[in-house]
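Below is one structure, written out as structure tokens, with a few remarks after it.
Residue numbers (the UniProt record's numbering): 1 to 381.
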């Protein structure tokens with residue numbers, strides 16, 4: 001369903017822009033949200049973590065929101081107002097202070113929104129760094145390629161929206177196979193090769209300019225990008241969720257999804273500035289063309305950084321943390337006896353959405369009295 005949504009979204013958005021007004025694009029979420037709420041209320045089984053926080057970390061929420069909002073506005077306004085503008089400097093200062101404040105709040109909060117102890121897992125931290133690099137590049141590509149096709153190549157909004165459709169189609173077809181491959185050989189190789197393949201797509205995307213045609217110039221990099229993402233996303237999700245204790249799977253999923261969203265938000269704000277747009281306009285072909293070429297190369301560099309992190313820090317096999325390690329990492333949780341590493345985690349096999357929320361690789365056993373108790377074979381089924 002995530003893959004279908006990823007395919008329909010650009011098509012519907014392009015159709016609304018061309019047939020009516022771009023403002024209607026934001027209303028797409030209203031019926032979708034209503035449908036999700038109805039399905040969740042009727043069909044999603046309830047589950048609770050007895051160790052979960054009892055109250056909302058309001059200060060953490062506010063500092064995180066202020067940090068992201070300040071950085072996003074500051075970098076977005078920089079090309080028009082200039083780096084010396086008081087508004088830009090003030091926004092960036094608020095952003096930096098917000099992020100630093102969020103870290104301090106979460107470090108000392110009694111019930112933090114983001115327990116920093118989960119980052120003691122090297123694999124989890126590495127997976128989120130790879131997530132940031134990959135999704136920053138992906139968001140930049142989805143934003144600038146569609147814009148370049150309209151402004152420079154003169155595609156219609158509908159045609160530009162449909163242009164990325166093969167990415168989702170390929171992920172629908174290949175994601176399960178990539179997940180099965182990752183289960184056999186481990187996540188390191190797919191998470192290294194996938195971003196490298198995507199980086200090759202960036203080189204091909206950088207060639208798109210005036211006079212380009214879809215079949216000759218646009219479709220090849222779109223296909224290569226789809227292949228690279230198909231190889232990357234499933235093992236990336238499995239690594240992020242499989243690197244922490246099962247009772248923290250919800251937090252791990254939320255963190256990984258938040259990292260992906262923050263990466264996209266900051267990439268769209270920073271990439272035009274980093275690529276040299278300056279005081280130019282994204283709606284001018286003379287300004288957008290050269291900036292677009294440099295931006296694609298920057299995205300390729302981000303993907304290569306992600307590949308390097310994956311190769312250096314992602315383990316070849318994932319195992320659950322020991323109960324003793326979890327107890328040491330979480331002083332607020334009752335101490336348990338250290339046990340040996342348990343069975344290898346079965347990774348997520350299917351993840352087709354371009355920007356979907358990661359899913360827990362397996363459901364917790366409702367009959368298990370302790371979060372550290374071994375799981376039976378039935379719990380995997």
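C-beta atoms are modelled at their ideal positions from N, C-alpha and C, and glycine is treated no differently.
C-alpha distance - residue i paired with residue j, whole-angstrom precision
i	j	result
residue 14	residue 145	14 Å
residue 382	residue 199	This structure does not reach residue 382, given that the chain is present from 1 up to 381, and the question cannot be answered.
residue 229	residue 238	14 Å
residue 158	residue 246	43 Å
residue 251	residue 289	41 Å
residue 227	residue 191	12 Å
residue 55	residue 111	7 Å
residue 35	residue 24	18 Å
residue 147	residue 72	19 Å
residue 262	residue 137	12 Å
residue 129	residue 244	16 Å
residue 382	residue 64	Since the first residue of the chain shown is 1 and the last is 381, residue 382 is not available in this structure.
residue 281	residue 313	40 Å
residue 248	residue 46	16 Å
residue 206	residue 269	19 Å
residue 210	residue 118	48 Å
residue 400	residue 48	Residue 400 is absent from the model: the chain starts at 1 and stops at 381.
residue 267	residue 41	35 Å
residue 86	residue 100	21 Å
residue 113	residue 307	29 Å
residue 287	residue 184	47 Å
residue 26	residue 19	15 Å
residue 177	residue 264	27 Å
residue 62	residue 93	15 Å
residue 115	residue 33	28 Å
residue 84	residue 120	39 Å
residue 293	residue 285	12 Å
Beta-carbon gap between residue i and residue j smaller than 8 Å
i	j	result
residue 296	residue 276	no
residue 231	residue 193	yes
residue 204	residue 233	no
residue 260	residue 135	yes
residue 196	residue 304	yes
residue 169	residue 212	no
residue 74	residue 98	no
residue 235	residue 175	no
residue 179	residue 316	no
residue 455	residue 77	Beyond the ends of the chain as shown, which are 1 and 381, falls residue 455; an answer cannot be given.
residue 242	residue 10	no
residue 88	residue 95	no
residue 31	residue 279	no
residue 109	residue 43	no
residue 298	residue 274	yes
Supposed close pair residue i, residue j - CB separation, criterion 8 Å
i	j	result
residue 67	residue 271	Contact flag wrong, Cβ pair sits at about 19 Å.
residue 28	residue 12	6 Å
residue 218	residue 208	6 Å
residue 143	residue 149	About 11 Å separates the two Cβ atoms, so there is no contact after all.
residue 21	residue 151	19 Å between Cβ atoms; not a contact.
residue 240	residue 221	Actually they do not touch by this definition, with Cβ atoms about 27 Å apart.
CB contact below 8 Å: residue i versus chain C
i	result
residue 221	Going by chain labels, chain C is absent from the structure shown, which holds only one protein chain.
Residue i Cβ short of 7 Å to the ligand FAD heavy atom set
i	result
residue 57	Although the ligand FAD was asked about, the structure shown includes no ligands whatsoever.
Say whether the stretch 113-128 touches the stretch 251-262, bearing in mind that this needs 3 or more beta-carbon pairs closer than 8 Å, one atom from each stretch.
yes
Stretch pair the stretch 98-107 + the stretch 158-166: three plus CB contacts closer than 8 Å
no
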